[in-house]
Amino acid sequence: MDDLTLAELDRDGALYAAVETISGSRADLLRTAAGGAAAFLGLLAVPARAIAATATDTEIVNYALTLEYLQAAFYKDAVMMKKLAGEPARAARIVGAVEAAHVDAYRDVLGPKAVKRPRFNFHGATETQRKFLRTAIALEDLAVAAYKAQIPLVTARPVLATAVSIHSVEARHAAWMRRLFGVVPARGPFDDAESRESITRTIASTGFVARKPRMVAQAGPRFTG
Amino acid sequence: MSRRLRLALPGAALVVATFVAAALLLDGSDASSSPVPVVAPAPLPLPAPVSAAIRIPERAAPLPDPDNLSRWLALLRPTAARAAPGTQAPVLARLTPQTPEGTTNIVLAVGDRLDRAGRLWLEVRLPVLPNGTTGWIPRSALGGNNFVRTRLVVDSSRFTATLFSDGRPVFRARVGVGQPRWPTPRGVFYIRNKLTSYRSPFYGPVAFGTSARSATLTDWPAGGFIGIHGTNRPDLLPGRVSHGCIRMRNADILRLAELMPLGTPLTIL
């Protein structure tokens, strides 16, 4: 196999499988996908904030933080599941720790203005090695394309320097996961950027962003006593 | 080739030719002739790199240890739990996404397997009679993975409840259990919800719902589920005093509510 594109991953990989298996009916599927999309868009559509930079910069940092939440949760889930072996297991531990560090760094910068951490359901993508690697490639490629689109829009130089320093790390992660899966680390001499709308649509289509279960109620107990 | 590049090439060639000619002159000169000074243009000073806006740690902190974990998942839709992984296997129980208390119905995972079609199935503990039943549910019917490091052990002979975290005891209390005619069931279960802010002194300030069910009070409202809760009769504890529920003093149940996450496995000895 010479190469693997995101479209190929979406066609038969974990991302599409996740969507297909959300529900037994198309109506439910669409409802779930729409709910997930709305929730994710809601996260990204937070009011612009100011952090020693422009409101757009803050919006971009919160967008990046949301992507880092997704990646950090994915690798942590994979490590907790203990279904990976050998080099992919080692890669998940290392990359997961790095993605968690990115989350901490962005939350540190944004303080109380940071968007909340969403809940995720990876629909089994962390539970087999093959699905893990395919999804890891897709998520890393997405992150690289997302950073590439936003970096030229950043105004404040310290924010720009931050984004650039993380972008290159994400690109290394993408190359590492691609090598582990047996596809070429880079597809061509230039990479495309991808808009926030496009990235959001792709992630929403996976159903990875989930609702929080309701575990606490104020109902009167009817236990046996 | 772009027009801009074509226009730029002759100029670039001229610069290169000048440097080559100068180098030849230097090489070809003998000691008596006066040297022709060739000074490369000094590079323009560039600004120092910009510092990042983040505090960059020396190394990323490692992820938490994946040992001593239990996994629970929420039901996303009405689902049949089967005797084996596969849609043709007999149905053991039909589960709804909500508990009788209106909370999300959850299951505790104990295993997994791919079926012949490559679909992932999970073996889970079921909140059904007979107690201890496990069944297989398609992974697609379940929500995200949730992990806990805790385990609650209730010893119904010694009337104690002990909460372990990463294998270490972090909480211990004396408890009341079921009377001999309504015994507290033994086995491995899980904590599936928490009820608060109700007005029933009998149950104390907090009540946990479990997946355990009374084998004798099967017609009890909502299915006869076993709870862990406080009490307005602490004077009866410890002992065999309840209809099957696990009772503890109100201060103890409040402390347990601070320490025990939902989804914690429950072992009743």
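These protein sequences, in sequence, are chains A and B.
Here our numbering is used: the first residue of the first sequence is -13, the next is one more, and so on.
Here our numbering is used: the first residue of the second sequence is -4, the next is one more, and so on.
Cβ atoms here follow ideal geometry from the backbone N, Cα and C, with glycine treated the same way.
Predicted, not measured: the structure shown is a model, and the values here were computed from it.
Residue i: contacting residues in chain A (beta-carbon distance under 8 Å)
i	result
residue 107/B	113
residue 57/B	79 and 83
residue 112/B	The premise fails here: residue 112/B is roughly 12 Å from chain A at the closest Cβ pair, so nothing lies under 8 Å.
residue 237/B	210 and 211
residue 193/B	204, 205, 206 and 207
residue 175/B	Chain A residues near residue 175/B: none, gap ~14 Å exceeds 8 Å.
Delimiting residues of the alpha helix (DSSP H) encompassing residue i
i	result
residue 102/A	Residue 102/A -> no alpha helix (DSSP H), and no H or E assigned at all.
residue 154/A	143 to 167
residue 264/B	Premise fails: residue 264/B is in no alpha helix (DSSP H) and is neither H nor E.
residue 248/B	245 to 254
Chain A contact for residue i (CB, 9 Å cutoff)
i	result
residue 80/B	no
residue 154/B	no
residue 188/B	yes
residue 160/B	no
residue 61/B	yes
residue 234/B	no
residue 66/B	yes
residue 182/B	no
residue 221/B	yes
residue 257/B	yes
Per-residue DSSP class, three states only, for residue i
i	result
residue 188/B	strand
residue 22/A	Residue placement at residue 22/A is poorly supported in this model, since its pLDDT is 42, which falls under 50; the coordinates still yield a value, given next. Helix at residue 22/A.
residue 207/A	coil
residue 187/A	helix
residue 231/A	Limits of chain A in this structure are -13 at one end and 211 at the other, which puts residue 231/A out of reach.
residue 136/A	helix
residue 235/B	strand
residue 114/B	coil
residue 74/B	strand
residue 160/B	strand
residue 126/B	coil
residue 48/A	helix
residue 127/A	helix
residue 38/B	coil
residue 83/B	coil
residue 194/A	coil
Continuous beta strand (DSSP E) stretch holding residue i: start and end
i	result
residue 88/A	Per DSSP, residue 88/A belongs to no beta strand (DSSP E); it is in the alpha helix (DSSP H), 72 to 96.
residue 221/B	220 to 224
residue 208/B	201 to 208
residue 173/B	171 to 173
residue 65/B	65 to 69
residue 145/B	145 to 150
C-beta neighbour in chain B for residue i, strict 9 Å
i	result
residue 216/A	In the structure as shown, chain A begins at -13 and stops at 211. Residue 216/A is therefore absent and cannot be evaluated.
residue 190/A	no
residue 154/A	no
residue 24/A	Per-residue confidence for residue 24/A stands at a pLDDT of 40, beneath the threshold of 50, marking its modelled position as unreliable; the derived number appears in the next sentence. No, no contact with chain B.
residue 176/A	no
residue 118/A	no
residue 196/A	yes
residue 209/A	yes
residue 61/A	yes
residue 72/A	no
residue 68/A	yes
Closer than 7 Å at the beta carbon, the chain B residues around residue i
i	result
residue 107/A	138 and 139
residue 203/A	96, 97, 98, 188 and 190
residue 94/A	49 and 50
residue 148/A	47, 48 and 49
CB contact check: residue i to chain C, cutoff 9 Å
i	result
residue 132/B	The chain inventory of the structure shown lacks chain C, comprising the protein chains A and B.
Partner residues on chain B for residue i, Cβ-Cβ distance less than 9 Å
i	result
residue 144/A	45, 46, 47, 48 and 49
C-alpha gap between residue i and residue j, whole angstroms
i	j	result
residue 70/B	residue 49/A	30 Å
residue 219/B	residue 145/B	25 Å
residue 92/B	residue 99/B	6 Å
residue 246/B	residue 255/B	14 Å
residue 106/B	residue 144/A	48 Å
residue 224/B	residue 193/B	12 Å
residue 118/A	residue 226/B	48 Å
residue 56/A	residue 202/A	25 Å
residue 130/A	residue 107/A	22 Å
residue 153/A	residue 172/A	15 Å
residue 90/A	residue 52/A	12 Å
residue 168/A	residue 176/A	20 Å
residue 128/B	residue 143/B	21 Å
residue 71/A	residue 115/B	18 Å
residue 138/A	residue 77/B	54 Å
residue 134/B	residue 46/B	46 Å
Beta-carbon neighbours of residue i, restricted to chain A and to distances below 9 Å
i	result
residue 171/B	Residues of chain A passing the Cβ test: none, with the nearest at roughly 11 Å.
Proximal residues of chain B, C-beta to C-beta of residue i below 8 Å
i	result
residue 165/A	Neighbours of residue 165/A on chain B: none; closest Cβ ~20 Å, over 8 Å.
residue 200/A	97, 98 and 99
residue 122/A	Result: empty, since nearest Cβ-Cβ is about 15 Å, beyond 8 Å.
Distance cut-off 8 Å: residue i Cβ against heavy atoms of the ligand NAD
i	result
residue 42/A	Because no ligand of any kind appears in the structure shown, any question about the ligand NAD cannot be addressed here.
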